[in-house]
Amino acid sequence: MELIRMLPTIALCGGGLFMGLEFHMKYVVSYGTAGAFARLDNMDPPPTPRCIARIHVYSQMWRHFDVGLYRFLVK
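In case it helps, this note's numbering puts the sequence shown at residues 15 to 89.
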């Protein structure tokens, strides 16, 4: 905890952005692979998520990052 307090703010922001982008890439790979197999079976999977660096308002995160979950929750 003491090491984190000594880091400059820009390093903490960069670390937070990196963690978010790493989560996004894991999500794209896992759901993109499943989506590719679904398209091979003539199914229509939801689109891949938007990059979190392009989402500026958290309400867009729900609509565009996980479209399948958003459609399920809206119903």
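Even for Gly, the Cβ is constructed at its ideal location relative to N, Cα and C.
Reduced DSSP category for residue i - H, G, I as helix; E, B as strand; rest coil
i	result
M20	helix
T47	helix
Below-8 Å beta-carbon distance, residue i vs any chain D residue
i	result
W76	Absent from the structure: chain D. Only one protein chain is present.
Sequence-distant residues of the same chain with beta carbon closer than 8 Å to residue i, five excluded per side
i	result
A48	P59
Residue i versus residue j: straight-line alpha-carbon distance, rounded
i	j	result
A41	L26	Position check: residue 41 holds Tyr in this sequence, whereas Ala was assumed. Their Cα atoms are separated by approximately 23 Å.
H38	F32	10 Å
E16	I69	32 Å
A50	L87	24 Å
6 Å Cβ shell around residue i - same chain, five flanking residues per side excluded
i	result
T62	V42, G46
S44	none
G34	I66
Just list the alpha helix (DSSP H) runs in the region 23 to 80, keeping only unbroken ones of 4 residues or longer that don't cross its boundaries, in chain order.
23 to 54
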